[in-house]
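Okay, so the sequence shown: first residue is 1 according to the working numbering, each after it adds one.
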Amino acid sequence: MASLNDYLLVSGLLFALGLAGVVLRRNIIIVFMCLELMLSAANLTLVAFSRFNTTPNGLPDYNGQMLVFFVITVAAAEVAVGLAIIVALYRARQTIHTDELTSLKG
């Protein structure tokens with residue numbers, strides 16, 4: 001059975017991979033996917049802490065898992081708005097590379 005440290009290690013690796021993708025990549029769609037990977041790593045941490053934190057009667061505390069549902073809902077809205085912004089940027093500039101998007105002028 002996996003321990004809390006195992007879950008936190010995987011979550012930390014996923015977050016580091018997402019952070020490296022945000023910092024190093026130039027394609028705005030890949031940066032957006034790496035941001036979602038970082039959000040998923042945070043969700044994994046919340047679920048792991050929720051699973052291994054027990055209430056006084058010995059049952060797992062599900063508050064962290066309920067928070068994950070709200071985070072997933074907000075992430076779905078973020079994806080819709082983010083992709084709309086990316087499509088609008090592409091239509092205006094004909095590029096999705098972040099180093100070519102230096103100003104917000106139309």
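In this text, a Cβ means the ideal position worked out from N, Cα and C, and glycines have one as well. Note that the coordinates shown come from a computational prediction; the quantities given were computed from them, not determined experimentally.
Point to revise | Helix, strand or coil at N27 according to DSSP, with G and I counted as helix | key: For the purposes of this step, residue 27 is identified with residue 27 of the sequence shown, where counting begins at 1. It is a strand residue.
Review point. Does the segment 7-18 come within contact of the segment 38-47, defined as at least 3 CB pairs closer than 8 Å?
Key: Touching, per the Cβ criterion.
Practice item. Express the C-alpha separation of N63 and N53 in angstroms, rounding to a whole number. Key: As a working note, residue 53 is residue 53 in the sequence shown. As a working note, residue 63 is residue 63 in the sequence shown. One C-alpha to the other measures close to 10 Å.
Practice item. Have a look at I72, I86, A48, R25 and flag the residue whose alpha-carbon is nearest the alpha-carbon of N5. Key: Reading the sequence shown from its first residue, position 5 is the one you call residue 5. Nearest C-alpha to N5: A48.
Exercise for review: Work out the CA separation of I72 and P113 for me, nearest whole Å.
Suggested key: The first residue shown for the chain is 1 and the last is 106, placing residue 113 beyond what the model contains.
Check your understanding: To the nearest angstrom, how far is it from the Cα of L67 to the Cα of F15?
Key -> Reading the sequence shown from its first residue, position 67 is the one you call residue 67. Reading the sequence shown from its first residue, position 15 is the one you call residue 15. Taking the straight line joining both Cα atoms gives about 19 Å.
**Study point:** Reduced DSSP category for T54 - H, G, I as helix; E, B as strand; rest coil
**Key:** The residue labelled residue 54 in the question sits at position 54 within the sequence shown. DSSP places T54 in strand when its eight states are reduced to three.
Exercise for review: Count the other C-beta atoms from every protein chain shown that fall within 10 angstroms of the C-beta of G18, then say buried if there are 16 or more, exposed otherwise.
Suggested key: Numbered from its first residue, the sequence shown carries residue 18 at position 18. Looking at its Cβ environment, which holds 16 or more other Cβ atoms inside 10 Å, G18 is buried.
**Study point:** Top-ranked residue by Cα proximity to H97, from S3, N27, A2
**Key:** Taking the first residue of the sequence shown as 1, we reach residue 97 at position 97. The residue with the shortest Cα to Cα distance from H97 is N27.
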